[in-house]
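Here the structure is laid out as structure tokens; the discussion comes afterwards.
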Amino acid sequence: MVSSMTSRRIFVLTSLVTAALIAAVVIAVHPWQTLNRTSGTADIGGSFTLTDQDGNRVSEDILEGHLNVIYFGYTYCPDVCPTTLQDITTALDLMGEGAKDVRPILITVDPERDTVEVLKDYVSWFHPSLIGLTGSTDEIEAVKTAYKVYSAKAPQEDDETGQNYLVDHSSITYVMGPDGSFLTHFAYGTTPEEMARTLEDLL
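Numbered by my numbering, the letters in the sequence shown go through residues 14 to 216 in order.
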């Protein structure tokens, strides 16, 4: 019998291949501006208390001393999430030594299924410095509110267990400063090269 972790790895690998194909089509059909900068001070970010993939309780203090790339997603996401996380991984690889000053973070919008164990396995498929964060429903709702993130369950008609739902969610990647302040964001479809250039300019 295939173990749950093996099934998870097969799922992630399949999702990455599928997501790459979907992303190529979407970008070809919708050549929108992929990088948006903002001016002034945005009311995004704030305090939080969550749990990382090693079971450690963490707060917004983990942002200190680094440029932070924060994405809200979930491990069962079939396309947008693995695509975005792979793009972040590639961007950090392109940065070489400069990547040591950047901290990539995935915050789940599906705490019911994204346990510490599930997150630990999932983040291992991406950049080695990627931190996965989960928490109680209330904790996740609080950090979503702080970062102006939308998410909602999208039940599937053929889901008899109630556990195979998708989650509709915003797909913005936030870039936060070492002091926790909002600097800019990447829209879905921003290329790794654009991400790398922007992050290098901000360091």
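Note that the Cβ used here is the ideal one computed from N, Cα and C, for glycine as well.
- Taking the Cβ atoms as the reference, ASP65 lies roughly 6 Å from ILE144, within the contact range of under 8 Å.
- Under a 10 Å Cβ-count criterion, ALA104 is classified as buried, with 16 or more other Cβ atoms of the shown protein chains found around its own Cβ.
- Apart from the 5 residues on each side of it in sequence, LEU196 sits with its Cβ closer than 7 Å to the Cβ of VAL188, MET189, GLY190, LEU215 in its chain, given in chain order.
- Rounded to the nearest angstrom, the gap between the Cα atoms of ALA155 and PHE61 is 7 Å.
- Between the stretch 132-146 and the stretch 94-101, the count of Cβ pairs shorter than 8 Å is three or higher; the stretches touch.
- In this structure, LEU119 keeps its C-beta atom at 8 Å or more from the C-beta atom of LEU212.
- Excluding sequence positions up to five before and after GLU77, its CB lies within less than 8 Å of the CB of PRO191, ASP192, GLY193, all in the same chain and listed in chain order.
- Just so you know, the alpha carbons of ALA159 and GLY59 end up roughly 6 Å apart.
- By the neighbour-count definition (other C-beta atoms within 10 Å, threshold 16), GLY86 is a buried residue.
- The C-alpha of THR150 is placed about 14 Å away from the C-alpha of VAL180.
- In the three-state reduction of the DSSP assignment, VAL162 falls in the coil class.
- Distance from the CA of ASP92 to the CA of SER184, rounded to the nearest whole angstrom, comes to 11 Å.
- A Cβ-Cβ distance of about 6 Å is found for the pair VAL82 and THR186, placing them in contact under the 8 Å criterion.
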